[in-house]
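Numbering (this note's numbering), first residue to last: 3 to 158. We treat Cβ as the ideally placed atom computed from N, Cα and C, and that holds for glycine. Contents: one structure, followed by commentary.
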Ligand SMILES: [Fe+2]
Ligand SMILES: [Fe+2]
């Protein structure tokens, strides 16, 4: 007998695929944008992230296939761009946050219904997106420079 999968788990996988492919599209676009600004280092970092997100998408597709479902059409969100690297990184913080929230909710739901296999699957992706989120945040902090130091006394 084949184990049945809760339909909500399939919905979480479908939405995860949409978010990961959205991230692929976003980072790929930003790599070209950074290249056009002559910022080779940022372009390379965005390309590296594109590949990581694509590997996540691939894992989700493989998971869906192993559960006996084919991925449906994914609705991608529009790419969000900005005129500066700092602006791009702010958008990316939002996107990584969405992924983190999604995987946290999906793994929590799987735990509730005692679907250990899918719970571990989502938890592994959650840990990777949390680490992405930290990387983006520290890259963003580097762009923003040191926090302003509070004045010890009023200037007048
Ligand atoms: Fe990802
Ligand atoms: Fe990510």
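Assignment of residue 77 by DSSP, reduced to helix, strand and coil, places it in the coil class. Cβ-Cβ distances below 7 Å link residue 120 to 11, 112 in the same chain, with the five nearest sequence neighbours on each side left out; the list follows chain order.
Distance from the C-beta of residue 134 to the nearest heavy atom of ligand 2 is below 6 Å. Relative to ligand 2, the beta carbon of residue 98 is positioned inside 6 Å of a heavy atom.
When DSSP states are grouped into helix, strand and coil, residue 6 belongs to the coil group. With a threshold of 16 other beta carbon atoms within 10 Å, residue 144 falls short and is exposed. Between residue 124 and residue 109, the gap from beta carbon to beta carbon is short of 7 Å.
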